[in-house]
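Undergrad:
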Amino acid sequence: MRRSRNSIALEISKRRLEKLRSIDPVLDFGGGMSIASFVTAIDQLDDLQATYNQSLSDLDGQLSIIKLKEGELREMRDRFLKLVGGKYGLDSTEYVNAGGVKKSARKRRMKVVPAIVP
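Put into structure tokens, the structure is as follows:
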């Protein structure tokens, strides 16, 4: 699951807005540099971030469903291989064609006996 996004720029801007409002609640320097335009810019970014985080949440829900379906598919795939092995045998070409490894072709582990040093 992805973490929701937090904007440091947004948090700093909100604190700056509070400080600017303490100077003058309707501060306006002209040229689009006013408290009102700053509030609008903050609100736009806040809305975009909320939409983004909601989309992440929706995607996380879909990802959970995908993972569940992948598990079901893996189980079904394994069951098919076991059924083919049961019907045709573990040394059959049908078993190999289904994706299995012939029982006779598997490497056997050798039991290692520790040497006793006198």
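In the working numbering, the protein residues as written are 3 to 120. Where is the CB? At the ideal position from N, CA and C, for every residue including glycine. Quantities reported herein were computed from a predicted structural model and do not represent experimental measurements.
1) Going by the beta-carbon positions, is the gap between I37 and L22 smaller than 8 Å?
2) Look at the alpha carbon of G34 and the alpha carbon of I67, and state the distance between them as a whole number of angstroms.
3) Three-state secondary structure (DSSP) at S153?
4) Buried or exposed, going by whether 16 or more other CB atoms sit within 10 Å of the CB of Y54?
5) Grab me the residues of G102's own chain with a C-beta within less than 8 Å of its C-beta, minus the 5 sequence neighbours each way, in chain order.
6) Helix, strand or coil: which one does DSSP assign to D30?
7) Compute the Euclidean distance between the alpha carbons of D80 and V119, then round it to the nearest angstrom.
8) In three-state DSSP terms, what is D80?
9) Return helix, strand or coil for N55, following the three-state DSSP convention.
TA: By the coordinates alone:
1) Walking along the sequence shown from the start, residue 37 turns up at place 35. Walking along the sequence shown from the start, residue 22 turns up at place 20. Taking 8 Å as the Cβ cut-off, I37 and L22 qualify as a contacting pair.
2) Walking along the sequence shown from the start, residue 34 turns up at place 32. Walking along the sequence shown from the start, residue 67 turns up at place 65. When rounded, the distance between both Cα atoms is 47 Å.
3) Any question about residue 153 goes unanswered here, given that the chain covers just 3 to 120.
4) The count along the sequence shown starts at 1 and reaches residue 54 at position 52. Exposed, because fewer than 16 other Cβ atoms sit within 10 Å of the Cβ of Y54.
5) On the sequence shown, position 100 is the one that residue 102 refers to. So the list reads L83, V86, G87 and L92, once near-sequence residues are dropped.
6) As a working note, residue 30 is residue 28 in the sequence shown. Shown here, D30 sits in a strand according to DSSP, grouped into three states.
7) As a first step, residue 80 is located in the sequence shown; it is residue number 78 there, counting from the start. As a first step, residue 119 is located in the sequence shown; it is residue number 117 there, counting from the start. Answer to the nearest angstrom: the Cα atoms are 46 Å apart.
8) Stepping through the sequence shown from its first residue, residue 80 is reached at position 78. Helix at D80.
9) Within the sequence shown, residue 55 is the residue found at index 53, counting from 1. Three-state DSSP puts N55 in a helix.
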